[in-house]
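*Asks:*
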Amino acid sequence: MKILSVAIPCYNSAEYMSKAIESVLVAGEDVEILIVNDGSKDDTAKIGREYEEKYPTICKLINKENGGHGDAVNFGLANATGHYFKVLDSDDWFAKEPFKKIINFLKDIVEQGTELDLLISNYVYDKVGETKKKAVKYKRALPEGRIFTWSEIGRFKHSQNILMHSVIYRTEVLRECNLVLPKHTFYVDNIFVFKPLPYCKSIYYMNVNLYHYFIGRDDQSVNETVMMSRIDQQLRVNKLMIDYLNAEHSKLTDKKCRKYMEKYLNMIMIVSSVYLIKIGTDESLAKRDELWDYLKKSDDKVYSKLRHNSVGAALNTNNWVGRKVVQSGYKVSKKIFKFN
């Protein structure tokens with residue numbers, strides 16, 4: 003049984019997918035690479051087949067009809083045989099030495115029969131045109147050098163969000179929580195991280211910069227213009243996260259896990275609201291109000307926490323001055339945290 007399954011969702015990724023695949027191959031036979039061709043129209047399938055033929059015990063090409071990024075992850079998970087599971091986007095890559103270190107650690111964990119549900123590592127914003135790269139680390143927020151539980155975590159800064167780039171889940175945890183991502187929907191990586199969290203009882207943080215998150219392609223889903231054009235998909239993900247938080251209420255026995263999930267949901271509410279404000283039409287502002295009403299009807303306590311603070315109040319303002327303040331804050335955040 004492989005130590006780690008890495009799913010690489012690919013849609014018309016021929017130009018850059020090899021860099022992602024090669025960055026995983028450094029771990030040799032301890033990994034399986036699931037190259038999920040999501041109905042591409044370029045040479046993605048051809049390149050995937052070449053890797054499968056060259057590395058038959060490591061690489062597996064999965065051809066499927068186009069269903070979007072989330073559906074490609076679903077296919078990867080369904081075919082995964084590794085103890086652990088990670089998603090690597092086809093335009094991103096792993097740093098060589100940090101990846102080897104993580105594989106060796108997971109190998110020891112498996113051989114010792116130690117229970118570990120979630121491994122968290124750092125990620126790097128690799129933005130086109132910028133020589134200084136921003137690494138997101140979890141020092142002080144998470145214990146280092148030992149397995150811990152939710153009750154032992156510290157306070158997360160606003161920049162310390164656990165994203166898809168950070169996480170490696172035990173495969174059975176993802177199956178236990180019945181993780182199925184929606185088809186033809188962008189931004190589902192937030193669901194991938196969010197839904198399994200209450201099922202994770204043992205966590206380990208390795209302070210290495212593993213994941214390089216490439217930002218700069220005009221067609222990327224996180225491009226600001228693209229995000230605004232796909233705002234309905236962002237809202238769909240946002241509402242699903244509200245539903246999951248409500249549905250998992252009985253499992254959220256640890257206060258710090260619940261607090262972190264509320265923080266994560268708050269981040270997504272902010273993103274959705276800011277883009278709706280930036281669009282600035284009567285329709286988009288009505289969608290913002292409807293989103294907050296949806297949260298209130300689902301969980302009034304969480305609504306009160308997120309709505310009745312300075313950020314929540316600013317996001318829900320209906321005068322142009324307040325909306326300008328929100329947009330200015332967004333611009334400053336972009337520069338500080340290097341996203342988008």
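Numbering (this note's numbering), first residue to last: 3 to 342.
Backbone N, C-alpha and C fix where the C-beta goes; we use that ideal spot for every residue, glycine too.
These figures come from a predicted structure and were not determined experimentally.
By alpha-carbon positions, which one of 28, 11, 214 and 229 ends up nearest to residue 345?
*Replies:* Nothing about residue 345 can be read from this structure; the chain reaches only from 3 to 342.
*Asks:* Taking 8 Å as the threshold (C-beta atoms), are residue 108 and residue 343 in contact?
*Replies:* The structure shown has nothing for residue 343, since the chain only spans 3 to 342.
*Asks:* Give a yes or no on whether the C-beta atoms belonging to residue 163 and residue 139 are separated by under 8 Å.
*Replies:* no
*Asks:* CB-CB under 6 Å to residue 344, same chain, minus the five flanking residues each way: which ones, in chain order?
*Replies:* In this structure the chain extends from 3 to 342, so residue 344 is not present and cannot be described.
*Asks:* If we count Cβ pairs, one from each stretch, closer than 8 Å, do we get three or more for the stretch 255–275 versus the stretch 154–162?
*Replies:* yes
*Asks:* Sorted by chain position, which residues of the same chain lie with C-beta nearer than 8 Å to residue 30's C-beta, five sequence neighbours on each side aside?
*Replies:* 60
*Asks:* By alpha-carbon positions, which one of 27, 4, 26 and 50 ends up nearest to residue 14?
*Replies:* 50
*Asks:* With a cut-off of 8 Å on the beta carbons, I'd call residue 2 and residue 119 a contact; round off their distance for me.
*Replies:* This structure leaves residue 2 out entirely; the chain is present only between 3 and 342.
*Asks:* I'd like to know whether the C-beta atoms of residue 78 and residue 36 end up nearer to each other than 8 Å.
*Replies:* yes
*Asks:* Please state whether DSSP places residue 335 in a helix, a strand or coil.
*Replies:* Confidence is the limiting factor: at residue 335 the pLDDT is only 47, short of 50, which leaves the residue's position unreliable, though a coordinate-based value still follows. Residue state, collapsed to three classes: helix.
*Asks:* Threshold first: 3 residues or longer. Then list the beta strand (DSSP E) segments lying entirely within the stretch 70–97, N to C.
*Replies:* Counting only runs of 3 or more, we get 86–89.
*Asks:* Please state the DSSP three-state secondary structure of residue 216.
*Replies:* strand
*Asks:* Please name the residue in 68, 67 and 39 whose C-alpha comes closest to that of residue 54.
*Replies:* 39
*Asks:* My parser needs the alpha helix (DSSP H) runs of 4 or more residues fully inside the stretch 227–267; what are they?
*Replies:* 233–249
*Asks:* Under three-state DSSP, which class holds residue 200?
*Replies:* helix
*Asks:* So, helix, strand or coil for residue 208, using DSSP?
*Replies:* Three-state result, residue 208: strand.
*Asks:* Taking 7 Å as the limit between beta carbons, can you name the residues of its chain near residue 207, skipping five residues before and five after?
*Replies:* 122, 140, 144, 145 and 146
*Asks:* Using only alpha-carbon positions, find the residue among 181, 204 and 320 that is nearest to residue 111.
*Replies:* 204
*Asks:* Restricting to Cα atoms, I'd like to know which of 254, 249, 311 and 251 is closest to residue 272.
*Replies:* With distances taken between Cα atoms, residue 272 lies closest to 311.
*Asks:* Which residues bound the alpha helix (DSSP H) around residue 138?
*Replies:* Annotation: residue 138 is outside any alpha helix (DSSP H); the continuous beta strand (DSSP E) that includes it extends over 136–138.
*Asks:* Going by the DSSP bridge assignment, what does residue 2 pair with across the sheet?
*Replies:* No answer is possible for residue 2: the residues shown for the chain start at 3 and end at 342.
*Asks:* Leaving out five residues before and five after residue 88 in sequence, what residues of the same chain have Cβ atoms less than 7 Å from its Cβ?
*Replies:* Here residue 88 has 6, 8 and 170 as same chain residues with Cβ atoms under 7 Å from its own Cβ, once five neighbours each way along the sequence are excluded.
*Asks:* Would you kindly work out how many angstroms separate the C-alpha atoms of residue 256 and residue 152, rounded to a whole number?
*Replies:* 7 Å
*Asks:* Given this structure, state the Cα-to-Cα distance separating residue 340 from residue 129, to the nearest angstrom.
*Replies:* Interpretation of residue 340 is limited by its pLDDT of 46, a score under 50 that renders its predicted location unreliable; the figure taken from the coordinates is listed afterwards. If I take the Cα positions, the gap works out to 8 Å.
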